[in-house]
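J.:
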């Protein structure tokens with residue numbers, strides 16, 4: 001009774017949020033799809049309550065009946081994982097997430113407990129497929145893994161280890177064991193590298209066809225498997241193993257962005273799309289790839305977040321809102337736009353249909369994210385078939401992914417920037433307008449850089465002074481030191497954080513081009529090596545030349561602290577010193593850990609009148625349309641339509657940097673170059 005009442009309450013609240021509330025509509029459909037599966041499994045009643053519905057041309061009825069429950073649960077968890085891992089939202093959304101977290105903890109426990117009635121089948125061909133969706137859900141939802149009892153965690157591992165007895169087909173199936181091994185690696189468990197290497201090698205060396213599309217094994221298929229499985233699964237594996245497959249990972253992101261463009265163009269004005277290829281009854285799961293790229297905040301510049309949200313909203317309504325989509329008891333019928341069993345391939349069961357939940361990936365973004373906060377916008381089909389002349393020419397992605405020397409994952413093309421300052425970016429229509437290569441030993445060039453001095457911001461521990469910055473061997477060195485010297489600002493009894501301590505205990509440097517060089521639009525680039533020890537807070541950032549912070553506009557091209565690499569943009573609000581942040585946090589471990597930080601990397605901002613895109617090593621971290629960045633104050637001014645100046649600094653501790661206890665000094669932030677390019681046309 002309690003479960004029924006909560007369901008009716010939440011559904012009614014979300015339904016009342018109106019047609020204009022896309023997030024509310026997405027939550028309503030996600031809940032409608034997931035509730036029968038997750039709530040029943042939480043009570044160990046999934047087998048007892050879920051109808052057995054098979055394709056009319058089923059290939060193996062006995063085997064398909066056995067695995068349909070894992071199909072339904074694994075796919076549902078994968079689709080909901082990011083949202084389950086999130087926080088915040090409306091009170092109704094918070095309550096809904098709390099309920100699903102409670103259910104999921106019990107559902108997982110029943111799925112992997114051999115004594116439970118709903119213990120899943122983990123051995124065999126199809127179980128390998130859906131065990132991988134289950135593993136992907138746990139990868140996407142660290143909260144769930146961390147809150148499982150130790151005994152349940154052991155049973156999860158035991159269940160997934162059973163899949164190693166299955167040899168995958170030579171197709172997209174190679175990615176299923178790869179994702180399971182990526183799960184083991186992500187959570188510090190023993191994993192089999194060969195099951196990962198084989199999959200990455202085949203896709204990176206043999207199966208890329210071009211223009212953002214992979215073959216499904218040796219053959220090309222006109223279907224949606226690049227979206228159902230291939231591209232989202234590859235990205236998930238490469239997230240865990242980026243240090244090993246860095247070159248291919250960078251190119252894979254560009255491939256995924258191009259495929260996202262193609263997917264968006266498939267969506268018709270009414271949310272329909274081409275009915276082609278096998279597994280078409282997975283409904284809106286056909287746009288798993290587009291939803292995944294949006295959830296990663298890696299949409300290409302050609303796709304505005306509001307445009308993609310609007311397109312996917314239309315797809316969800318078209319596929320999940322069609323009459324006959326659900327049984328009277330709320331289970332998914334087989335079909336694409338309603339109850340259409342004749343569309344089902346010979347392996348399709350009712351459980352298969354729950355791959356449609358993959359479209360809900362962007363619900364893992366907070367409601368303040370630009371994907372949700374941006375106004376609704378017409379997608380390509382709406383613009384073109386409505387007579388708009390605002391859509392540009394569509395171009396193929398010219399990228400070659402092929403076998404590299406020595407059998408590794410090779411990519412033809414340049415990654416990083418070891419070239420001279422006049423060469424990089426020229427093929428993209430840019431010219432170099434300013435740079436500092438730091439080639440002259442001694443103090444930094446005073447024509448380029450000034451300094452911040454003293455205690456400046458964020459309750460940081462360091463005293464900024466020019467002598468902590470110098471050039472040597474073609475690099476700018478910013479050194480943080482532990483010192484003990486009198487604080488010239490000290491006032492006995494003061495509560496001001498800058499004045500209350502009689503001693504300066506740490507020193508560092510902050511360099512800036514304010515009053516010397518500022519730029520409106522362009523490509524801002526830095527090659528550097530950052531120190532990631534405890535309490536260190538290096539940054540490469542810009543501020544607008546006019547206005548008070550944050551209403552002058554802040555862009556953090558690189559910021560690091562507490563094992564997190566950040567890319568941020570801040571605008572002003574109606575409250576002083578209370579910014580609205582657009583942010584992407586990338587765990588250091590997902591990049592390769594401290595070993596990654598021991599190498600030099602290239603951070604870049606591409607900024608024009610339409611978009612600000614922040615990246616590292618050509619991997620997009622954050623992309624935000626400029627039109628969505630107006631200050632949320634009475635002025636409504638957009639601070640990113642003015643020049644910005646550059647800041648390089650190494651902060652210590654403070655509000656975000658963390659404890660310095662145990663950190664051995666001195667520590668260094670080393671910059672190879674800083675360059676600014678602007679478009680020639």
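Numbering (the UniProt record's numbering), first residue to last: 1 to 681. Even glycine gets a Cβ: it sits at the ideal position worked out from N, Cα and C. All of these numbers come straight from a predicted model, not from anything done at the bench.
Rounded to a whole number of angstroms, what is the C-alpha to C-alpha distance between residue 6 and residue 330?
T.: Residue 6 sits at position 6 when you count from the first residue of the chain shown. Residue 330 sits at position 330 when you count from the first residue of the chain shown. The pLDDT assigned to residue 6 is 37, lower than 50, so where the model puts this residue is not dependable; a value taken from the coordinates is nonetheless given after this. One C-alpha to the other measures close to 16 Å.
J.: How big is the Cα-Cα spacing for residue 78 and residue 309?
T.: In the chain shown, residue 78 corresponds to position 78, counting from 1. In the chain shown, residue 309 corresponds to position 309, counting from 1. Cα-Cα distance, rounded: 20 Å.
J.: Please classify residue 123 as buried or exposed, where buried requires at least 16 neighbouring CB atoms within 10 angstroms.
T.: In the chain shown, the residue the question calls residue 123 occupies position 123. Looking at its Cβ environment, which holds fewer than 16 other Cβ atoms inside 10 Å, residue 123 is exposed.
J.: Identify whether residue 262 lies in helix, strand or coil by the three-state DSSP scheme.
T.: The residue labelled residue 262 in the question sits at position 262 within the chain shown. Helix, per DSSP.
J.: Which same chain residues end up closer than 8 Å to residue 602 when comparing Cβ atoms and leaving out the 5 residues on each side of it in sequence?
T.: Mapped onto the chain shown, residue 602 falls at position 602. So the list reads 416, 417, 525, 526, 527, 616, 617 and 618, once near-sequence residues are dropped.
J.: Measure from the alpha carbon of residue 178 to the alpha carbon of each residue in 513, 217, 233 and 84, then state which is nearest.
T.: Residue mapping note: residue 178 aligns to position 178 of the chain shown, counting from 1. Considering only alpha carbons, the answer is 233.
J.: Go through its chain and collect everything with a Cβ distance to residue 510's Cβ below 6 Å, but skip five positions before and after it.
T.: For the purposes of this step, residue 510 is taken as the residue at position 510 of the chain shown. Only 452, 464 and 649 meet the Cβ criterion.
J.: Starting from residue 185, trace the alpha helix (DSSP H) in both directions and tell me its first and last residue.
T.: Here residue 185 refers to the residue found at position 185 when the chain shown is read from its first residue. Counting along the chain, the alpha helix (DSSP H) containing residue 185 begins and ends at 175 to 186.
J.: Compute the distance between the beta-carbons of residue 571 and residue 629, then report whether it is under 8 Å.
T.: In the chain shown, residue 571 corresponds to position 571, counting from 1. In the chain shown, residue 629 corresponds to position 629, counting from 1. Yes. Within cutoff.
J.: Is it the case that the Cβ atoms of residue 33 and residue 262 are separated by a distance below 8 Å?
T.: Start at 1 with the first residue of the chain shown, and residue 33 comes out as number 33. Start at 1 with the first residue of the chain shown, and residue 262 comes out as number 262. No. Outside cutoff.
J.: Along the chain, where does the alpha helix (DSSP H) that runs through residue 147 open and close?
T.: Position 147 of the chain shown, counted from the start, is the residue given in the question as residue 147. Run containing residue 147: 142 to 147, per the alpha helix (DSSP H) assignment.
J.: Who are the near neighbours of residue 116 in its chain, counting only those whose CB is closer than 6 Å to its CB and skipping five residues on each side?
T.: Walking along the chain shown from the start, residue 116 turns up at place 116. Counting only Cβ-Cβ distances below 6 Å, and skipping sequence neighbours, we find 44 and 110.
J.: Tell me which residue opens and which closes the alpha helix (DSSP H) that residue 611 is part of.
T.: Here residue 611 refers to the residue found at position 611 of the chain shown. Here residue 611 belongs to no alpha helix (DSSP H); instead the beta strand (DSSP E) covers 611 to 616.
J.: Quick one: what's residue 605 bridged to in DSSP?
T.: Residue mapping note: residue 605 aligns to position 605 of the chain shown, counting from 1. Paired residue(s): 524 and 614.
J.: Let's test the definition: count the other Cβ atoms within 10 Å of the Cβ of residue 682 and tell me whether it reaches 16, buried, or not, exposed.
T.: In this structure the chain extends from 1 to 681, so residue 682 is not present and cannot be described.
J.: Distance check for residue 51 and residue 344, CA to CA, integer angstroms please.
T.: Counted from its first residue, the chain shown places residue 344 at position 344. Counted from its first residue, the chain shown places residue 51 at position 51. Each residue's Cα considered, the two are about 17 Å apart.
J.: Once the 5 residues before and after residue 130 are set aside, which same chain residues still bring their CB inside 6 Å of it?
T.: By one-based count along the chain shown, residue 130 stands at place 130. Taken in chain order, the residues that qualify are 70, 71 and 74.
J.: Quick one: measure Cβ to Cβ for residue 351 and residue 318, integer angstroms, because I've assumed they're closer than 8 Å.
T.: In the chain shown, residue 351 corresponds to position 351, counting from 1. In the chain shown, residue 318 corresponds to position 318, counting from 1. 22 Å between Cβ atoms; not a contact.
J.: Write down every uninterrupted run of the beta strand (DSSP E) in the stretch 72 to 96 whose length is 3 residues or greater and which is fully enclosed by it, in chain order.
T.: Counting only runs of 3 or more, we get nothing.
J.: Return helix, strand or coil for residue 255, following the three-state DSSP convention.
T.: Along the chain shown, one-based indexing puts residue 255 at 255. Here residue 255 sits in helix by DSSP.
J.: Might you give, ordered along the chain, the residues of its own chain that have their beta carbon closer than 8 Å to the beta carbon of residue 685, omitting 5 neighbours on each side?
T.: Examination of residue 685 is not possible in this model, given that the chain is present from 1 through 681 alone.
J.: Below 8 Å between beta carbons: does that hold for residue 305 and residue 370?
T.: Taking the chain shown and counting its residues from 1, one reaches residue 305 at position 305. Taking the chain shown and counting its residues from 1, one reaches residue 370 at position 370. The answer is yes: Cβ separation under 8 Å.
J.: By Cβ distance, which residues of its chain are closer than 6 Å to residue 579, with the 5 residues on each side in sequence left out?
T.: If you number the chain shown from 1, residue 579 lands on position 579. Answer for residue 579: 550 and 570, listed in chain order.
J.: Got a sec? Which residues, its chain only, sit under 7 Å from residue 408 by beta carbon, not counting five neighbours each side?
T.: Here the question's residue 408 lines up with position 408 in the chain shown. Only weak support is given to the placement of residue 408: the predicted model assigns it a pLDDT of 33, under 50, and the question is left unresolved by the model.
J.: By how many angstroms is the C-alpha of residue 241 removed from the C-alpha of residue 683?
T.: Because residue 683 is not part of the residues shown, which for the chain are 1 to 681, the question remains open.
J.: So what's residue 451 in DSSP terms, helix, strand or just coil?
T.: Taking the chain shown and counting its residues from 1, one reaches residue 451 at position 451. Reduced to three states, the DSSP call for residue 451 is strand.
J.: When DSSP labels each residue in this structure, what does residue 31 get in the three-state scheme?
T.: Taking the first residue of the chain shown as position 1, residue 31 is located at position 31. Residue state, collapsed to three classes: helix.
J.: Taking buried to mean at least 16 other C-beta atoms within 10 Å of its own C-beta, is residue 503 buried or exposed?
T.: Walking along the chain shown from the start, residue 503 turns up at place 503. Residue 503 comes out exposed.
J.: How many angstroms separate the CA atom of residue 438 from the CA atom of residue 126?
T.: For the purposes of this step, residue 438 is taken as the residue at position 438 of the chain shown. For the purposes of this step, residue 126 is taken as the residue at position 126 of the chain shown. Approximately 58 Å, taken between the alpha carbons.
J.: Of all the alpha helix (DSSP H) runs that stay within the bounds of the stretch 266 to 310, which reach a length of 4 or more residues?
T.: Runs of the alpha helix (DSSP H) inside the stretch 266 to 310: 288 to 295.
J.: If distances are taken between C-alpha atoms only, which option among 661, 668 and 591 comes closest to residue 247?
T.: By 1-based counting over the chain shown, the position of residue 247 is 247. Here the closest residue by C-alpha is 591.
J.: With DSSP as the reference, please indicate the residues paired to residue 497 in a beta bridge.
T.: Counting from one through the chain shown, the residue named residue 497 turns up at place 497. In DSSP, residue 497 forms no bridge with anything.
J.: Is residue 559 helix, strand or coil when you go by DSSP?
T.: Within the chain shown, numbered from 1, the residue matching residue 559 stands at position 559. DSSP places residue 559 in strand when its eight states are reduced to three.
J.: In whole angstroms, give me the CA-to-CA distance for residue 641 and residue 543.
T.: Translated into positions along the chain shown, residue 641 becomes position 641. Translated into positions along the chain shown, residue 543 becomes position 543. Straight-line Cα distance between these residues: approximately 12 Å.
J.: Out of 491, 507 and 529, which one is the CA nearest neighbour of residue 500?
T.: Along the chain shown, read from residue 1 onward, the residue named residue 500 stands at position 500. Nearest C-alpha to residue 500: 491.
J.: What does a CB cutoff of less than 8 Å around residue 373 pick up in its chain, not counting 5 residues either side in sequence?
T.: Sequence index remark: in the chain shown, residue 373 carries index 373 (1-based). Here the set comprises 367 and 628.
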